[in-house]
Amino acid sequence: MIDYIKNFLYKKFNIREHNSNIKTEVLAGVTNYFTLIYLVMLTPEVLMNIFSGAIAEDGSIIGDFILGNGLKANEMFIALTAASFICSGLSSIIMGCLTNLPFVQGPSLAVGTFITYTVCISFGYTYNQALAIVFVSGLIFFILALFGIEKKIHKAIPKNIKYAVSCGIGLFIAYQGLLKAHIIEQSSLNTNLFDFYNITSKDTKTAILALVGVILITILHKKHIYGSIFIGKIVCIILAFPLGLISLEKLDFFTSINLDKVFFELDFTGIIDFSNSSLFFQTTMTILVVLFSICIMDIFETMAMLIVADNFVEISKERFTNKRIPQILEIDAITTSIGSTIGSVTVSTYVESTAGIIEGGRTGLTAIVTGVLFLLSTFLSPLVALVPSAATATTFIVAGVLMMTIIKFIDFENIDEAVPAFFTMILMPLTNSILVGIAFGIISYVAIHLFLGKAYKVSKILYILSILLLICLIYLPR
1 MIDYIKNFLY
11 KKFNIREHNS
21 NIKTEVLAGV
31 TNYFTLIYLV
41 MLTPEVLMNI
51 FSGAIAEDGS
61 IIGDFILGNG
71 LKANEMFIAL
81 TAASFICSGL
91 SSIIMGCLTN
101 LPFVQGPSLA
111 VGTFITYTVC
121 ISFGYTYNQA
131 LAIVFVSGLI
141 FFILALFGIE
151 KKIHKAIPKN
161 IKYAVSCGIG
171 LFIAYQGLLK
181 AHIIEQSSLN
191 TNLFDFYNIT
201 SKDTKTAILA
211 LVGVILITIL
221 HKKHIYGSIF
231 IGKIVCIILA
241 FPLGLISLEK
251 LDFFTSINLD
261 KVFFELDFTG
271 IIDFSNSSLF
281 FQTTMTILVV
291 LFSICIMDIF
301 ETMAMLIVAD
311 NFVEISKERF
321 TNKRIPQILE
331 IDAITTSIGS
341 TIGSVTVSTY
351 VESTAGIIEG
361 GRTGLTAIVT
371 GVLFLLSTFL
381 SPLVALVPSA
391 ATATTFIVAG
401 VLMMTIIKFI
411 DFENIDEAVP
421 AFFTMILMPL
431 TNSILVGIAF
441 GIISYVAIHL
451 FLGKAYKVSK
461 ILYILSILLL
471 ICLIYLPR
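In terms of our numbering, the sequence shown opens at residue 1 and continues consecutively.
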């Protein structure tokens, strides 16, 4: 029986033809799992900010707070985590089976952040309406991929803006982590560092623990220990017990996973306001720009994965044909719509999949192994109630730093390239809106090149995008 399974796998995934073996593919899949599990668990933590009243001032979840859907905050957090694991598992398995490439998929942290802070908190949409918007964005993205329009959009956006978007989101996430850990305290007038001397304060303990966690993760990451962020998070959880930041009373192994409150809970009503012409125009423009932004971010993330993987000759030279790339984008679109019905946000291909590629993963078996491990992790979802805000903040900060590494590719030598990139990066955390950063970056790029007499360098598509984004800024809910 074992020999039959081995022969089937070797034949199904052409493992020998790609200079690999089952052991290497499995180990690569396990490596991906421990590298990416923090990211899969981080997205639900971001999404919990959608629910007003569920998050305490110290950044922790108020477990007993009753949400509008009747669930307690802890129960909703567990459901979102389970949905994230299921979504990641299914999408990774689909990717592995259909493309035979070692690319892992899951909920996009960037889009999850955009959905939380811009679509829901700023624009006022509910979680269920956001799921409906994500569902529609998946359909639109599929059409774009089918007709190759996404290639034109991707080509039109300057590379410095693309790099700056990743950097800006990294800054945004890291800033949120600093606030969540109380390393910095923000008031209406000032932003201050935490109080070193008030060592008995819960906020001070949280800040110190988060800093210790960041340092530990940095050391582990420098030593090339895969799963360093996940390990650092576990250490923070353990150290939080003697510090009195969490207690076993918060843990209930018998907590049920209420997936019925997230599965097929899409709400299309109220997305567009038909009460009068003014509101109809404003809400229509808002939703169009939101859909556009989600699609653009998904294109950014998927193309980033392809660009990174292009450095691996064994994969790219023979297997990244003109047909294969659209297929990957189409799968992204399909799994995005499927993910929204499960209760998760936009699905994208994780650039961190390169961890498994570096370990020798060359076929879809790597992605399938990772996907199966994610599905099995669904049953561990109740354990997320133990995670203190310090551990959460640690992953926010380090994830933000890692996303910032791409800043070295931005051309700061040319001011006409540097200023739009700077606007893109800095305005995301300062305005608490990813969309504002993208909008200012693209609009300023078009304006600068237009007045410098370099209109020829700007694609016609970029002019259209800048007009749409300008309209969005004008009608942006304040």
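Positions of the beta carbon are idealized from the N, C-alpha and C atoms, including for glycine.
- For asparagine 192, no alpha helix (DSSP H) encloses it; the enclosing beta strand (DSSP E) starts and ends at 191-193.
- The criterion of a C-beta distance shorter than 8 Å is not satisfied by glycine 213 and glycine 244.
- Each residue's CA atom was taken as its position, placing asparagine 32 and methionine 95 some 14 Å apart.
- Three or more Cβ pairs closer than 8 Å define a contact, and the region 106-118 meets that threshold against the region 344-351.
- Counted as a single uninterrupted DSSP element, the alpha helix (DSSP H) harbouring threonine 431 occupies residues 415-431.
- For lysine 155, the closest C-alpha among the options Ser466, Leu473, Ile474, Ser459 is that of Ser459.
- Spatial neighbours of threonine 284 in its own chain (CB-CB distance under 8 Å, excluding positions within 5 residues in sequence) are listed in chain order as Ile272.
- Put simply, the backbone Cα of isoleucine 184 is about 23 Å away from that of proline 242.
- Valine 347 is bridged by DSSP to Pro107.
- For isoleucine 184, the enclosing beta strand (DSSP E) starts and ends at 184-186.
- Taking each of Glu17, Leu36, Asn19, Ile5 in turn and checking the Cα distance to alanine 367, the smallest one comes out for Leu36.
- According to the DSSP secondary-structure assignment, lysine 261 is paired through a beta bridge with no residue.
- Taking the CA atoms as reference points, lysine 223 sits about 10 Å from isoleucine 217.
- Less than 8 Å divides the Cβ of isoleucine 331 from the Cβ of leucine 98.
- When Cys295, Thr204, Glu75, Leu27 are compared, the shortest CA-CA separation from isoleucine 357 is found for Leu27.
- Only buried fits serine 381, as 16 or more other CB atoms lie within 10 angstroms of its CB.
- Counting only runs of at least 4 residues, the region 10-67 fully encloses the following alpha helix (DSSP H) elements, listed from N- to C-terminal order: 22-47.
- Glutamine 186 places its beta carbon 8 Å or farther from that of phenylalanine 396.
- Rounded to the nearest whole angstrom, the C-alpha separation of isoleucine 153 and lysine 457 is 15 Å.
- Shown here for isoleucine 169: same chain residues with a beta carbon closer than 7 Å to its own, the five before and five after excluded, namely Ala110, Thr113, Met403, Met428, Ile434 in chain order.
- Nearest to threonine 43 by C-alpha distance, out of Phe34, Val30, Ile115, Glu17, is Ile115.
- Non-local beta-carbon contacts of isoleucine 161 in its own chain, meaning distances under 7 Å to residues more than five positions away in sequence, involve Pro420, Ala421, Thr424, Gly441, Ile442, Tyr445 in chain order.
- Taking a C-beta distance under 8 Å as the contact criterion, alanine 333 and phenylalanine 141 qualify as a contact pair.
- By DSSP's assignment, lysine 408 forms no beta bridge with any residue.
- For tyrosine 163, the enclosing alpha helix (DSSP H) begins and ends at 159-180.
- In chain order, Leu209, Ile246, Pro388, Ala390, Ala391 place their CB closer than 8 Å to the CB of alanine 240, counting only its own chain and leaving out the 5 sequence neighbours on each side.
- Between the C-alpha atoms of threonine 286 and valine 119 there is a straight-line separation of about 9 Å.
- Counted as a single uninterrupted DSSP element, the alpha helix (DSSP H) harbouring asparagine 128 occupies residues 127-146.
- Bridge pairing for lysine 205: absent [DSSP].
- Using a C-beta cut-off of 8 Å, the region 410-419 makes no contact with the region 120-131, since fewer than three inter-stretch Cβ pairs fall below that distance.
- Less than 8 Å divides the Cβ of leucine 468 from the Cβ of valine 289.
- One thing to note: glycine 70 has its Cβ no nearer than 8 Å to the Cβ of valine 372.
- Assignment of lysine 460 by DSSP, reduced to helix, strand and coil, places it in the helix class.
- DSSP places lysine 152 in the helix class (H, G or I) of the three-state scheme.
- Taking C-beta atoms as the reference points, alanine 83 and alanine 54 fail to come closer than 8 Å.
- The shortest C-alpha to C-alpha distance from phenylalanine 51 to any of Phe65, Tyr38, Leu39, Met41 is the one to Phe65.
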